[in-house]
Amino acid sequence: MNFILINGPVETLTFFSNKIGEELINQGHDIFIFKMDSPIYSLSGMVDYCNQSSSVPILITFNHMGLSGEDYLTDKQGILFFDEFEIKCIDIIVDHPLYYHKVMNLCPKKYIEIFIDPEHERYSRRFYPHIKHRYTMPLPGTSYIEHSLHPKKIQNRPIDIVFTGNYTPPTKLEHHLTGLDNDYKSFYYSIIDELLASPDTNLSTALESSIKKELGNVSDNDLASAMAGMIFIDLYIRFHFRGLAVSTIADSGIPVHLFGNGWDLLKCKNPQNLIIHGSTSSSGCHEAIADSKISLNVMPWFKEGCHDRVFNSISNGSVCLTDHSKYLDIYFKDRYNITFFDLKKIDELPSIVESLLNSPEELQKIADNAVSKANSLMTWNIFVAKILVLCKNF
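Each residue of the sequence shown is one higher than the one before, starting from 120 at the first, in our numbering.
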């Protein structure tokens, strides 16, 4: 089979695309990589690839890259390149679909969405019924190459606890509210307060409930449009709990190694315990995890699915310390192949970390059990195999 993959401006998404490409090649398939930083050159190559391929290629992309109305992929009549060549398009959406409300009506004719959280799939089915094909499965983790060759035992890892990911102070997000009057701002913050008090509530449930309390019954079209304008709330909650988890551990006296942008802006009582390494690549994150005993994860408000940080932690031999989700509660067991904390009891994080660090043998057992579980649930080989089944049945 022939496939088109896209390398775009977001490093993590390009990394995912390249991992899929590697696995497709390993399984005997052919790929073409469209590079968005040189679209005209890539477009010429893609036309040749489509014309010369033995079968119609299949596009695999992330977060609507190439499907967002890019002018170089749309002709003067508004026809998408992928429709012109009758290309099947698989779009792996790793954020909540409300982020892509404006482009959901631009989908090609042969289109399937893959989500990483079941609630995201239900949201799309309800608000974008013109899209007929959907599927949910988590993204795999990736093992750092050195860890694959020479894995370090827990006791030999120099970092006690690591977090890989960016941070933005919630107050820095208020530019999203520019142009709104005080009543609207108060409305937004009332939803934030609700989610802070009830962190088990998923985003769309809280948004819909608040909108209907304020406006009464509204159509699904109007509701989807309104929720798409509330991205600020998702970002605020995400970074609030991310920062709170890290600062709670650091303020207890435990150093936390941080890989990602923005951590110098985190306010805490003991900033000397924030070991800030700055921005790095996906591979750099995997390397850091492979040097760490514990890898902290705070779900980006995925209440039913799984974030790839969980599988990245496990794939690199670190014990994943994470808040709950339905997926994780079904497939993993606390202190057996994962370690959980509760967002409602986040002050317990330091004691959980201390108990783990004081039990290196238990840590090693948890890490080993997790690898076995993850290898049975989701690897890049399994992920691509599932995509190939979708391609054949679609």
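C-beta atoms are modelled at their ideal positions from N, C-alpha and C, and glycine is treated no differently. All values reported here derive from a predicted model rather than from experimental measurement.
Between the segment 360-379 and the segment 259-270, the count of Cβ pairs shorter than 8 Å is below three; the stretches do not touch.
In the structure shown, the three-state DSSP call for I211 is strand.
Here D149 carries a strand assignment [DSSP, helix/strand/coil]. Out of F351, P479 and L132, the CA that lies nearest to the CA of L299 is found in F351.
Secondary structure note for V281: its beta strand (DSSP E) is the uninterrupted segment I278 to T283.
In the structure shown, the three-state DSSP call for F459 is strand. The closest CA to that of A489, considering only V429, G397 and V175, is found on V429.
Fewer than three pairs of CB atoms, one per stretch, sit closer than 8 Å, so the segment 243-251 makes no contact with the segment 485-501. The C-beta distance from S262 to S157 rounds to 31 Å, too long to meet the 8 Å contact threshold. In the DSSP assignment, I231 is bridged to I209.
A straight line joining the alpha-carbon of Y308 with that of M223 spans about 27 Å. T458 and T441 have their alpha carbons spaced roughly 6 Å apart.
By the C-beta density criterion, K412 is buried, having at least 16 other C-beta atoms within 10 angstroms. Annotation: the continuous beta strand (DSSP E) that includes T180 extends over I177 to F181.
When the alpha-carbon of K154 is set against those of E130, A409 and N145, the nearest one is in E130.
For F200, no beta strand (DSSP E) segment is defined; the enclosing uninterrupted segment is the alpha helix (DSSP H) at F200 to E203. Annotation for E327: L342 and M346 place their beta carbon closer than 8 Å to its own, counting only its chain and skipping 5 residues before and after. Residue pairing by DSSP puts F378 in a beta bridge opposite T283 and G397.
Classified as exposed, P128 has fewer than 16 neighbouring CB atoms from the shown chains inside 10 Å of its CB. Contact between the segment 272-287 and the segment 370-381 is present: 3 or more CB-CB pairs across the two stretches fall below 8 Å. In this structure, L124 is the residue among S478, A316 and L124 with its C-alpha nearest to the C-alpha of L178. By the 16-neighbour rule on beta-carbons within 10 angstroms, E141 is exposed.
The beta-bridge partner set that DSSP reports for K154 consists of N126. Shortest Cα-Cα distance from D370 to any of D466, P318 and D487 involves D466. In the DSSP secondary-structure assignment, Y160 is not bridged to any residue. For the pair of segments examined, the segment 418-426 was found not to touch the segment 393-408: the number of CB pairs separated by less than 8 Å stays below three. Following the DSSP letters along the chain, one finds R253 inside the beta strand (DSSP E) bounded by residues R253 to T255. Under the three-state reduction of DSSP output, V472 falls in the helix class.
I413 sits in a strand when the DSSP states are folded into three classes. Annotated as proximal: E232 and I212, with beta-carbon spacing under 7 Å. No Cβ-Cβ contact shorter than 7 Å links S470 with S437. Between M256 and F502 the beta-carbon gap is near 7 Å, inside 8 Å, which marks them as a contact.
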